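Here the structure comes first, spelled out in structure tokens, and everything after it is commentary.
There are 2 protein chains.
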Amino acid sequence: MAERLVVIGGDAAGLSAASQARARRGPDDLRIVAFEKGAHASYSACGIPYLVGGEVTDAESLVARRPEVFRDELAVDLRLHSEVVEIDLDRRAVTVRDHPGGERYREPFDQLVVATGAVPVRPDLPGVAAEGVHGVQTLDDGIAILRTLRERRPGTAVVVGAGYIGLEMAEALVRRGLKVSVVDAAEQPMGTLDPDMGALVADALRDLGIELHLGERLGGFEESHGHVAAARTENLTLPADLVVLGLGTRPNSALAEAAGIPLGETSGIRTDRRMRTPVEGVWAAGDCVETFHLVSRRPVAIALGTHANKQGRAAGINIGGGYAAFPGVVGTAVSKICEYEVARTGLTAAEAAEAGFETVEEVVESTTRAGYFPGARRMKTKMIAERGTGRLLGAQIVGQEGAAKRIDVLAVAVWHGMTVEEISGLDLSYAPPYAPVWDPVLITARKTAERVGRTASGGGRRS
Amino acid sequence: MAERLVVIGGDAAGLSAASQARARRGPDDLRIVAFEKGAHASYSACGIPYLVGGEVTDAESLVARRPEVFRDELAVDLRLHSEVVEIDLDRRAVTVRDHPGGERYREPFDQLVVATGAVPVRPDLPGVAAEGVHGVQTLDDGIAILRTLRERRPGTAVVVGAGYIGLEMAEALVRRGLKVSVVDAAEQPMGTLDPDMGALVADALRDLGIELHLGERLGGFEESHGHVAAARTENLTLPADLVVLGLGTRPNSALAEAAGIPLGETSGIRTDRRMRTPVEGVWAAGDCVETFHLVSRRPVAIALGTHANKQGRAAGINIGGGYAAFPGVVGTAVSKICEYEVARTGLTAAEAAEAGFETVEEVVESTTRAGYFPGARRMKTKMIAERGTGRLLGAQIVGQEGAAKRIDVLAVAVWHGMTVEEISGLDLSYAPPYAPVWDPVLITARKTAERVGRTASGGGRRS
Numbered sequence: 456m457a458e459r460l461v462v463i464g465g466d467a468a469g470l471s472a473a474s475q476a477r478a479r480r481g482p483d484d485l486r487i488v489a490f491e492k493g494a495h496a497s498y499s500a501c502g503i504p505y506l507v508g509g510e511v512t513d514a515e516s517l518v519a520r521r522p523e524v525f526r527d528e529l530a531v532d533l534r535l536h537s538e539v540v541e542i543d544l545d546r547r548a549v550t551v552r553d554h555p556g557g558e559r560y561r562e563p564f565d566q567l568v569v570a571t572g573a574v575p576v577r578p579d580l581p582g583v584a585a586e587g588v589h590g591v592q593t594l595d596d597g598i599a600i601l602r603t604l605r606e607r608r609p610g611t612a613v614v615v616g617a618g619y620i621g622l623e624m625a626e627a628l629v630r631r632g633l634k635v636s637v638v639d640a641a642e643q644p645m646g647t648l649d650p651d652m653g654a655l656v657a658d659a660l661r662d663l664g665i666e667l668h669l670g671e672r673l674g675g676f677e678e679s680h681g682h683v684a685a686a687r688t689e690n691l692t693l694p695a696d697l698v699v700l701g702l703g704t705r706p707n708s709a710l711a712e713a714a715g716i717p718l719g720e721t722s723g724i725r726t727d728r729r730m731r732t733p734v735e736g737v738w739a740a741g742d743c744v745e746t747f748h749l750v751s752r753r754p755v756a757i758a759l760g761t762h763a764n765k766q767g768r769a770a771g772i773n774i775g776g777g778y779a780a781f782p783g784v785v786g787t788a789v790s791k792i793c794e795y796e797v798a799r800t801g802l803t804a805a806e807a808a809e810a811g812f813e814t815v816e817e818v819v820e821s822t823t824r825a826g827y828f829p830g831a832r833r834m835k836t837k838m839i840a841e842r843g844t845g846r847l848l849g850a851q852i853v854g855q856e857g858a859a860k861r862i863d864v865l866a867v868a869v870w871h872g873m874t875v876e877e878i879s880g881l882d883l884s885y886a887p888p889y890a891p892v893w894d895p896v897l898i899t900a901r902k903t904a905e906r907v908g909r910t911a912s913g914g915g916r917r918s
Numbered sequence: 456m457a458e459r460l461v462v463i464g465g466d467a468a469g470l471s472a473a474s475q476a477r478a479r480r481g482p483d484d485l486r487i488v489a490f491e492k493g494a495h496a497s498y499s500a501c502g503i504p505y506l507v508g509g510e511v512t513d514a515e516s517l518v519a520r521r522p523e524v525f526r527d528e529l530a531v532d533l534r535l536h537s538e539v540v541e542i543d544l545d546r547r548a549v550t551v552r553d554h555p556g557g558e559r560y561r562e563p564f565d566q567l568v569v570a571t572g573a574v575p576v577r578p579d580l581p582g583v584a585a586e587g588v589h590g591v592q593t594l595d596d597g598i599a600i601l602r603t604l605r606e607r608r609p610g611t612a613v614v615v616g617a618g619y620i621g622l623e624m625a626e627a628l629v630r631r632g633l634k635v636s637v638v639d640a641a642e643q644p645m646g647t648l649d650p651d652m653g654a655l656v657a658d659a660l661r662d663l664g665i666e667l668h669l670g671e672r673l674g675g676f677e678e679s680h681g682h683v684a685a686a687r688t689e690n691l692t693l694p695a696d697l698v699v700l701g702l703g704t705r706p707n708s709a710l711a712e713a714a715g716i717p718l719g720e721t722s723g724i725r726t727d728r729r730m731r732t733p734v735e736g737v738w739a740a741g742d743c744v745e746t747f748h749l750v751s752r753r754p755v756a757i758a759l760g761t762h763a764n765k766q767g768r769a770a771g772i773n774i775g776g777g778y779a780a781f782p783g784v785v786g787t788a789v790s791k792i793c794e795y796e797v798a799r800t801g802l803t804a805a806e807a808a809e810a811g812f813e814t815v816e817e818v819v820e821s822t823t824r825a826g827y828f829p830g831a832r833r834m835k836t837k838m839i840a841e842r843g844t845g846r847l848l849g850a851q852i853v854g855q856e857g858a859a860k861r862i863d864v865l866a867v868a869v870w871h872g873m874t875v876e877e878i879s880g881l882d883l884s885y886a887p888p889y890a891p892v893w894d895p896v897l898i899t900a901r902k903t904a905e906r907v908g909r910t911a912s913g914g915g916r917r918s
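Same order as they appear, the protein sequences are chains C and V.
Under our numbering, read the first sequence as residues 456 to 918, first letter to last.
Under our numbering, read the second sequence as residues 456 to 918, first letter to last.
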């Protein structure tokens, strides 16, 4: 009899696992059932802001593989509108609620992949349930925002949260012609950057006409006929025909926890590098898991499609009898807000301090191309190095076109524990349309190395 | 008395050395004289094609630092039109010919930096001295081409050599409205790539309306009233109102060799990692030196502004009493030909074979951004890995906007001897405007790793 694999979650992690397991084991050997509680599977959640903003005109184009492909070509029994409400580890079965019909049924498994994703942080504030208050977690959320835009033609929007998703949504709504305010309790946007780099993002946002209300704690929402009308902070009342909650996410691990699958300290599901949970035959992947930060050497939970894909793939290969591992992360992320590009990798200064490092920092302004080449744009690169050793702990970039993807070079450098002095000697590509003769990466590394040299022995001379 | 430093060559390497030495030692401690035989110093030779093409409108903008800056701010006695014609190591002096006047004089030194650059390969063929036959080595060459364009309004151009410089010049002349033919003895353009990737470049060139004559050996030039009229190969006569020789360069090391400074097997000047030649007090940097390839572990001579800057800087720091090293290269290069982007790092398949590696290769087509994101462009990435170990030996990219700079990630990977399997797990940045959820780098590494797995044990199964 075929072994039975059940996958909970029909997005990047779950369906990567299903596909990879299938690639190695045929339907006679492995029966695969995948449950997705929503109406859509295998889509790019990261694309939602661009759907809302109008750069992407068709929600369908965010779907990587249509459900039929899984059913017909991969023999994966993908069931939409099917929410797994319980995992019974003793009896090796899940309980599924069929959403349109409402029936419940049990589905047995021999192996299980938990890929339940993340849940958006949703503040429990007055008015949060009003119409026009939207999350941006699922494709359905994106479609709902589009519907509000179409049907109510809102003129004002408040975005709650000035992190990646909040700012990408702010851009989207600016593109749609709305007057957009962003509210965040922090003093700078993009809390995943150091405050000095976040301040550059704040400047960029103001240039785009976005009103920033920083250091403002959200109090609730005012309603009018059941629809949101304003957002309230301690000090302000901001008119809002539309509210987007972009407060980030946490691992959606409640189902696993209820079943007795161990969670880590981040509330993500614990796995080893092969994506095995401590429970025999149970795997987990994607935004619901806890992973390992290679610099801080601490567990972290990072919701990101690229990790979800890699983790799901590794789980599937292992279930298929191969060997694959997810090695951990260095905290790389990138975002685009209109013409501004923002990226980071490794640890911020604060994260480095928390991990016990004493650091040396340097920020260098340079250009994306040779200064004389048309289209050269300004960018600032920050590096955070360990004092004494000069080891690169983290880097951040804020700039314009052509700036952000340079973070990948530094992600590899962080990965290898390179010193800034070593980085300054790297053989990076140079031609005037792509870089100044000293690439911003090289020049920042060089200047950080000089600073490391000056601070190595405590005090030292500053030139 | 101050020590006397003489620098031969007033471009990237020489003047970086001078600047760095000066930064560490004041004029009372170190007297610095720099000789430049041409009319310009400290300019971006890599920018010449863009000056000819018109993207850069002012030759002056290619000058990084004006001569006055060296003289007035850095106390570097920079002498233009001053050619060093002899180095006398016994008497520790150089002989200088003053070009406008023609006088010769001697200048003593305690320390010497040889930064004589490269000489263009110039075929000794009939008609090569005709007017309208141009090199593209110096800023004066670029200005001369501009003059020919202005004064003779040529309609046809032949570019000899389909390497980086030849193709960049072909683009420049296409931009100026000329009908451009490119002649090369090789079967594919861009001989620094593998032929399969070179073929992609050939397709791109033909798309741009450039006529390619590959596998054609140049025979000479026909003249009319002293001006070039056509280029002849064994099989063809190509009308040419303008000819550009883009056949690459070799180290300009004759002066050093005549003085007894040892050259390496590439004819570049031999140095150690601190840019010391084997002669006490004599340093060398830039296109005239031989450097070390970290993958082939062989000496190489690579003319590139970024290396020249780094080497000159290292020499200057060392002369100034600091410590700096040039660690070697991995052969990274990048070029832009209209909307096409071409990049490489590490070894080509042929270079790997010559260095004794048996290789596994994979080429993957993907997009620069998420497929659904506006402006996503196609790109092909090739990886060359060592059979068995899967170590990345080299990579090549041919694509459109946003493709080429990804080579830097792979340059770092090659630098560290990463395996393709390791690379596929890297934490590279992801957001739809910048990359598909599997970055082209990751997906190519993954597919190369799969191929390495299949070929590890000799033969093996191919799926």
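Where is the CB? At the ideal position from N, CA and C, for every residue including glycine.
Predicted, not measured: the structure shown is a model, and the values here were computed from it.
By alpha-carbon distance to residue 678 of chain C, the top candidate from C:494, C:670, C:692 is C:692. Annotation: the region 661-746 of chain V contains the following complete segments of the alpha helix (DSSP H) (minimum length 4 residues), in chain order: 709-714. In chain order, 884 make up the part of chain V whose C-beta sits under 7 Å from the C-beta of residue 862 of chain C. Residue 863 of chain V: member of the alpha helix (DSSP H) spanning 862-870, first to last residue. A distance below 7 Å between beta-carbons, with the five flanking residues on each side excluded, links residue 725 of chain V to the following residues of its chain, in chain order: 717, 718, 719, 732, 733, 745.
The beta carbons of residue 789 of chain C and residue 859 of chain C sit about 5 Å from each other, so the pair counts as a contact at 8 Å. Non-local C-beta neighbours of residue 483 of chain V in its own chain, meaning closer than 7 Å and more than five positions away in sequence, comprise 457, ordered along the chain. The beta carbons of residue 675 of chain V and residue 689 of chain V sit no closer together than 8 Å. The Cβ of residue 738 of chain V sits no closer than 8 Å to any Cβ of chain C.
Along the length of the region 749-822 of chain V, whole alpha helix (DSSP H) runs at least 4 residues long occupy 760-774, 804-809, reported in chain order. With fewer than 16 other CB atoms across the displayed protein chains lying within 10 angstroms of its CB, residue 555 of chain C is exposed.
The beta carbon of residue 671 of chain C sits closer than 8 Å to the beta carbons of 638, 639, 640, 688, 689, 690, 691 from its chain, once the five residues preceding and following it are set aside; these are given in chain order. Residue state for residue 902 of chain V is assigned as helix, using DSSP reduced to three classes. Residue 578 of chain V and residue 459 of chain V do not touch by the CB rule: their CB atoms are close to 40 Å apart, not below 8 Å. Contact of residue 517 of chain C with chain V by beta-carbon distance below 7 Å involves 827. Along the region 570-621 of chain C, the alpha helix (DSSP H) occurs as fully enclosed runs of 4 or more residues at 594-607, listed in sequence order. The alpha helix (DSSP H) runs of length 4 or more contained entirely in the region 459-498 of chain V are, from start to end of the chain, 467-479. Around residue 881 of chain C, the beta-carbon contacts reaching into chain V at under 9 Å are 782, 785, 787, 863, 866, 867, 870. One alpha carbon belongs to residue 839 of chain V, the other to residue 764 of chain C, and they sit about 24 Å apart. Interface criterion not met: the Cβ of residue 636 of chain C is under 8 Å from no Cβ in chain V.
In terms of Cβ geometry, residue 906 of chain C and residue 817 of chain C form a close pair [threshold 8 Å]. Contact annotation, residue 652 of chain V with residue 853 of chain V: C-beta distance approximately 5 Å; criterion of less than 8 Å satisfied. Per the coordinates, the alpha-carbon of residue 490 of chain V lies some 22 Å from the alpha-carbon of residue 502 of chain V. The C-alpha of residue 874 of chain C lies about 46 Å from the C-alpha of residue 560 of chain V. With distances taken between CA atoms, residue 739 of chain C lies nearest to C:711 out of C:760, C:757, C:749, C:711.
Going by beta carbons, residue 629 of chain V and residue 597 of chain V fall outside the 8 Å limit.
Under the DSSP definition of a beta bridge, residue 538 of chain V partners with V:552. The straight-line gap separating the alpha-carbon atoms of residue 654 of chain C and residue 644 of chain C is approximately 7 Å. The CB of residue 505 of chain C comes closer than 7 Å to the CB of 828, 887 in chain V, given here in chain order. Pairing residue 669 of chain C with residue 605 of chain C, the inter-Cα distance amounts to about 29 Å. Between the alpha carbons of residue 498 of chain V and residue 534 of chain V lies a gap of roughly 15 Å. For the options C:608, C:849, C:656, C:531, the alpha carbon positioned closest to that of residue 697 of chain C is the one of C:608. Under the three-state reduction of DSSP, residue 627 of chain V is assigned to helix. Annotation for residue 563 of chain V: the continuous beta strand (DSSP E) segment containing it runs 559-563. Distance from the Cα of residue 569 of chain C is smallest, within the candidate group C:835, C:538, C:626, for C:538. Secondary structure of residue 849 of chain V (DSSP, three-state): strand.
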